[in-house]
Amino acid sequence: MNFEEYREKRKVPVQKDSEDEGNPPGENEEEKSENEPKPEESEEKKVEEVMEEENWEENFKEHRDTRPRGPCSVGLDISFLGVEHVYGIPEHADSLALKTTVGSEPYRLYNLDVFEYELDSRMALYGSIPVMIAHSAARTVGVFWMNAAETWVDISSSNARKSMFNSLMSFFKENEEVPQVETHWMSESGIIDVFVMLGPKPHDVFQEYASFTGTTGLPPIFGIAYHQSRWNYNDEDDVKNVDKGFDEHDIPYDVLWLDIEHTDGKKYMTWDKLKFPTPDQMQKNLAAKGRKMVTIIDPHIKREGGYHIHEAITWFSMLQEASRLGYYIKNKDGGEYDNWCWPGSSSWIDFTNPEIRKWWASKFALSEYQGSTETLFTWNDMNEPSVFHGPEITMHKDALHHGDWEHRDVHNIYGFYQHMATNQGQIDRSGGRERPFVLSRAFFAGTQRHGPIWTGDNIANWDHLKASLPMVLTLNLVGLPFSGADVGGFFNNPDPELLVRWYQAAAFMPFFRAHAHLDTKRREPWLYEDHHKKNIRDAIRMRYTMLPYWYTLFYHASDTGAPLVRPLWVEYPEEKNTFAMEDEFLLGKDLLVKPVTTQGQNSIDVYLPGKDEYWYDLKEYKIYRGQNTIYVPTSIETIPLFQRGGSIIPTKQRVRRCSALMHKDPYTLTLALNSKAEAEGNIYVDDGHTFDYKNGAYVYMKFTFRGGRLIAKKEKPATHFKTDAWIERIVILGISNSPKVIILTTEGGETRHLQFKHDSSTNSMTIKKPAVNIAQEWTISMHA
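Numbering (full-length UniProt numbering), first residue to last: 1 to 784.
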């Protein structure tokens, strides 16, 4: 452990010459030159006291950090014994398995607004989660360094002998050299507060971490559907035409986003009255189709009189708003922190104060946010915080927060608190009934409770598409699964092939949003040639068919902290060849995806894990054995996708223009049989948008296929949930022989014969229209 303690600046007396004390010079002291000025003639000698300056204040370009407590830090060395790979500590545009930092910069955790960020880099990005996970074939462990100050992590690898660690290393052979990863953690301020997660399995670590930072909040189902955004949709006519374009081209979407240009002069929670004269009606028009809208609300507030957030003026008095209430962050001298961001001169709300968060939440009331409706949701951007004239485009470290905490102490958690307050505002707006949806760019440990994040201002090139996979996988490993990257890249213009491949990859990422910079060309899918439009549409429609499976995974994440997308080693922890694999992943435990991320790639090698596993190609129903690398043709229409043998996956094959219109639509169950001709799976269903599920208004069904019988059972009985959704189709993969009769028996004892069709060329069978309610218990029996 290393501690560099807080100090106060002390005054140090100037060392005086012996003559000044009235004493003669010592024996070895030389007589002063006659030309040397006498003490009273020297300007320096006139100063009786000076401030201790060495290593105190710090300069960064034109900025000065006064460091009132002096240079300080805390540090700790942590060694992970018996491992070669560690993961985590996002956010960095780097590999999934973290690299050694010997001879290079350490990994930095410091929330920053970074334009066109570099790849293969340890540089700090928009968010910070100081969690590291170490994995070996023997066990998985993790640490959480709970500190919100600027943090650096050094990583190196070495070998150690058993004799050095005695009983700690007893599971290794005598004198055997074993690998270890050594890490050094250092934060600029704060205390050492470390949580150790002992596993021993990956899912144990996930659950242990969730036990003290929380699980992912269950989002409304529209949040996990497709979102359409750009900076900016110009006006109400533009919104109307974009919405119409999706319908005309039969492409589903759920949410349309508006960036900063929709506001009145960059004043958040306002509207440009010329471009958006009837915002509430615009939202109602979308809502009539089952769709939603998101507007951007950043933490910097324009310093303009009459702006209701900053300093509202009425005919009878000046209301108590942010400025008069003292709700802004203060500068080092105690005045309001005033700097520059999108609106010009701005101040920043101090979200570290619980009272201020409560005040901020109140601003989302429909009476406060004029022109808003209950189908308007929120995007918190620039909340690192981004400060245009600050050091590294962020806030000065000696700015002051609630309780006289310096910004250096809370920097990495500032955006977390805005996210929390905005989230609460949406909940309060509906009287606690409706689930919120709030996207944040900045994040910290615990952000998963409040909503999704995205990976920031990426670039439209193949390397950034490729980098999006390990970035999102890393976030999933450290408890923030609801994440994704801007489809197509934020900066520059993707060619059609890149855009198609990006849609195909992003359709299997938790947060699925297309977004682009103000200066890019428009990218709505129908603006491309028909074959590219079709491939984009197919990728989006694939996402909608998979929503039941996605929603069930989100339920598991909210219940246990399980990641949504996973590196292969999470489910196959002993397969060492997967430990650094980052170009393919598992969606849940039952689907394996390997997106195409290289230009012109017409074929790809896919590794299928699990010695005893079967994997089914969902395009042609071919079956492959695990622990095997296969060759897959990848024409531009192809998304390599495989279902694990032994699993049952729920989908909906009737794709409509948005998820809300599919709520009552029927389900398809796809059974992929394992080597024992068995399979199991589950589904979670609720109303998709309220908190009623917390009072039992849901159904959780478990499906089991064994011995030719498929049984549906209520695994967690709900108290009062009803749905009209039913099962219209059951597809069984890996069934070589066709039965003669299939009989359905319902929980009420009713029996009937079902129609079915067996395809011997693909060893698959489709059972037609079981027509049982998804919340009903039943049994299907096959008879030879």
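A virtual CB, placed ideally from N, CA and C, is assigned to each residue, including glycine. Nothing here was measured: the structure is a model prediction, and the numbers come from that model.
Spatially closest choice to residue i from the options, by CA coordinates
i    : options                   : result
R543 : A210, F388 and V593       : V593
L733 : M701, N695, P666 and I623 : I623
F80  : L125, R139 and T101       : R139
D457 : Q599, P548 and H515       : H515
I329 : H300, Y572, T455 and N232 : H300
P563 : Y107, S189, G214 and K521 : G214
D204 : N383, A134 and F482       : A134
E248 : D759, K61 and R656        : R656
Y693 : R625, V178, G344 and R435 : R435
Y369 : Y209, F721, T295 and P494 : T295
R64  : H389, H753, P567 and T545 : H389
For residue i, the residue or residues it bridges with in DSSP
i    : result
V772 : I727
R625 : Y614
V682 : Here residue 682 is Asn; the residue named in the question, Val, does not match the sequence. According to DSSP, which records beta bridges pairwise, N682 is partnered with K702.
Q180 : L81 and S158
S647 : A672 and E680
V196 : V143
N380 : S440
C341 : G344
G484 : W454
N59  : R64
P633 : S603
Y87  : A97 and I133
I349 : Y328
S764 : L733 and D759
M293 : L256 and L376
Beta carbon of residue i nearer than 7 angstroms to that of residue j
i           : j    : result
D350        : H402 : yes
S558        : I221 : no
G245        : W526 : yes
residue 807 : I413 : Past the edges of the chain, shown from 1 to 784, lies residue 807, and the structure says nothing about it.
G479        : P510 : no
Y327        : A399 : no
Y572        : P609 : yes
L591        : Q643 : yes
K289        : V255 : no
K664        : A725 : yes
G488        : A460 : yes
L710        : I780 : yes
D605        : T629 : yes
V143        : G88  : no
I683        : I730 : no
V74         : F3   : yes
I309        : T183 : no
S157        : V181 : yes
Y107        : E150 : no
P470        : L125 : no
Under the three-state DSSP convention, the category residue i falls into
i    : result
L357 : The residue asked about is misnamed: residue 357 is Arg in this sequence, not Leu. The answer is helix: DSSP assigns R357 an H, G or I state.
Y6   : coil
H758 : strand
F206 : helix
L673 : coil
M782 : strand
Y190 : Going by the sequence as given, residue 190 is Gly instead of Tyr. Note: G190 maps to coil in three-state DSSP.
I403 : In the sequence on display, residue 403 carries Gly and not Ile. Note: G403 maps to helix in three-state DSSP.
N535 : helix
K576 : helix
P130 : coil
D463 : helix
L109 : strand
M164 : Low confidence applies here, because M164 scores a pLDDT of 46, under 50, leaving its location unreliable and the question unanswered by this model.
H556 : helix
R541 : helix
W550 : helix
D264 : strand
L587 : strand
R303 : coil
A697 : coil
Test: residue i CB closer than 7 angstroms to a CB of chain D
i    : result
D583 : This model lacks chain D altogether; it includes just one protein chain.
**Report entry** Three-pair Cβ contact test at 8 angstroms for the region 515-531 versus the region 544-553
**Finding:** no
**Report entry** Inter-stretch contact (C-beta, 8 angstroms, three-pair minimum) for the region 578-585 and the region 259-268
**Finding:** no
Query raised in the report: How do the region 417-425 and the region 463-477 stand: do at least 3 beta-carbon pairs fall below 8 angstroms, yes or no?
Result: no
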